[in-house]
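Participant: Quick note on the working numbering: the sequence shown kicks off at 2 and runs consecutively.
From the three backbone atoms N, C-alpha and C, an ideal C-beta is built for every residue, glycine too.
Bear in mind that the values here come from a model prediction, so they are computed numbers and not experimental data.
Got a structure here, written out as structure tokens. Questions coming.
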Amino acid sequence: MVFLQLAILSHCLADFIFQSNDIVQLRKSSNLKKCLKGNIIHAIIVFSILFTFLIVGYKFKTTLAYSLLIGLFHFTVDLIKNLLSLKIKSIHDRPICHQKTSFLYIILSPLFRWINSLIFIIDQILHVAVIAFIWGQTSIQSSENIINCVYLNRTSTIDILSYLIIYLYVCFGGRFFINVVISELYLQPYKNKAMNLQIISPLKKTSDSDYIGIFERFIIITLVINGAYQAIAFIFTAKSIARFRELEEKFFAQYYLVGTLFSTSLGILGGILLKYIINK
């Protein structure tokens, strides 16, 4: 179980912490060479983190074989995802007269608004499923390394790893998911009365907003674990007071409400799931 948890934890770190914007842009590039380069770099990061985690407590042969397989499958899944996203985007960006004659567009048109969110979810499910499947088919051999004493208290180790996985997935993975969802919301333009300007571009979240969201979900998970559900309302109140003037603008208020509701929901669900795992 510890082996599987370490593999999932390394995936979280590789996907949500150690994946820079430059790598993301390379992977999203319509240029095949750049796309391949970005995915290869990311796969190497996945392999490196996983290998580093596993070599501490497991034999070299087991660690190397498992890490290579995960890195290879991670590369394959991500490459297919990126190419599929580019294909869907090209279909969606075609003139309407061409869209109507496209069979793929007719099939996928109801999903186009949320296609990136669906791809993100499916991508994460596939990654975790591959990690679990290969783990189930692998003969796990622990090493005699003195550092292996870390795993002596398996119950505590499993609990700690469960905390790390849920917190990373919800706090940092949630950041990417919420940004994807918000980017797919096409709201009506509004008038900024103070500046007398019409704003038509989607709201671009700043890094400050991302970090606030991460901290918000961290607090909510902690509150849920401790059963302090009433205190979650305090977070709503504090955020609303801080953004009071900006909430007067309808455009910002809509995005703010969607982002806050998604963030809070993820935090609550993450807390409930973690509480269930720990108490199981």
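Quick check: what's the CA-CA separation for V47 versus N227?
Facilitator: Using only the alpha carbons, I get a separation of about 33 Å.
Participant: Compare the Cα-Cα distances from I9 to each of N32, I50, N40 and report the closest residue.
Facilitator: Residue I50 is the option with its Cα nearest to I9.
Participant: Check this for me: beta carbons of L65 and L162, under 9 Å apart or not?
Facilitator: Cβ distance not < 9 Å, so L65 and L162 don't count as in contact.
Participant: Enumerate in chain order the residues of its own chain whose CB-to-CB distance from D160 is below 8 Å, with the five nearest sequence positions on each side excluded.
Facilitator: So the list reads I279, once near-sequence residues are dropped.
Participant: Have a look at R176, I273, F219, F235 and flag the residue whose alpha-carbon is nearest the alpha-carbon of G260.
Facilitator: Among R176, I273, F219, F235, the Cα nearest to that of G260 belongs to R176.
Participant: Does the contact criterion of 3 or more C-beta pairs under 8 Å hold for the region 78-94 versus the region 117-133?
Facilitator: Yes, the region 78-94 touches the region 117-133.
Participant: Can you tell me whether I45 is buried or exposed? The criterion is at least 16 other CB atoms within 10 Å of its CB, across all chains shown.
Facilitator: Looking at its Cβ environment, which holds fewer than 16 other Cβ atoms inside 10 Å, I45 is exposed.
Participant: Output needed for I56: all residues of its chain with C-beta closer than 6 Å, excluding positions within five of it in sequence on either side, in chain order.
Facilitator: Counting only Cβ-Cβ distances below 6 Å, and skipping sequence neighbours, we find T64.
Participant: Quick check on the burial criterion: 16 or more other C-beta atoms within 10 angstroms. Buried or exposed for A239?
Facilitator: That one is exposed.
Participant: Mind pulling the alpha helix (DSSP H) runs of 4 or more residues that sit fully within the region 6-75?
Facilitator: If we require 4 residues or more, the alpha helix (DSSP H) runs fully inside the region 6-75 come out as 22-29, 33-56.
Participant: Between the beta-carbon of F263 and the beta-carbon of I179, is there less than 9 Å?
Facilitator: Yes, Cβ-Cβ distance for F263 and I179 is below 9 Å.
Participant: Near V131, what residues of its chain come up, given a Cβ to Cβ distance below 6 Å and the 5 sequence neighbours on each side ignored?
Facilitator: Correct list, in chain order: F74.
Participant: So which of E250, A254, D16 has the shortest CA-CA distance to H128?
Facilitator: The shortest Cα separation from H128 among E250, A254, D16 belongs to D16.
Participant: Going by C-alpha to C-alpha distance, which of K29, S210, E185 sits closest to W115?
Facilitator: With distances taken between Cα atoms, W115 lies closest to E185.
Participant: For S241, which option in L258, I222, Y230 has the closest C-alpha, if you only look at C-alpha atoms?
Facilitator: When only C-alpha atoms are compared, the closest one is L258.
Participant: Indicate the three-state DSSP secondary structure (helix, strand or coil) for I284 in the structure shown.
Facilitator: Since the first residue shown for the chain is 2 and the last is 281, residue 284 is missing from the structure and cannot be characterised.
Participant: Compare the C-alpha of I183 against each of T158, L70, V171, D211 and name the closest.
Facilitator: I183 has its Cα closest to that of D211, out of T158, L70, V171, D211.
Participant: For I215 versus I233, is the C-beta distance shorter than 9 Å?
Facilitator: No, the pair does not count as a contact, with Cβ atoms beyond the cut-off.
Participant: Taking all protein chains shown into account, do 16 or more other C-beta atoms lie within 10 angstroms of the C-beta of V25, making it buried, or fewer, making it exposed?
Facilitator: That one is exposed.
Participant: Taking the alpha carbon of C13 as the point to measure from, which residue in V3, K88, K38, V171 has its own alpha carbon closest?
Facilitator: Ranking V3, K88, K38, V171 by Cα distance to C13 puts V171 first.
Participant: Report the three-state DSSP secondary structure of L165 (helix, strand or coil).
Facilitator: Note: L165 maps to helix in three-state DSSP.
Participant: What do you reckon, are the CB atoms on G137 and R218 nearer than 9 Å?
Facilitator: No, the Cβ-Cβ distance between G137 and R218 is not below 9 Å.
Participant: Reducing DSSP to helix, strand and coil, say where K281 ends up.
Facilitator: In this structure, K281 counts as coil in the three-state DSSP scheme.
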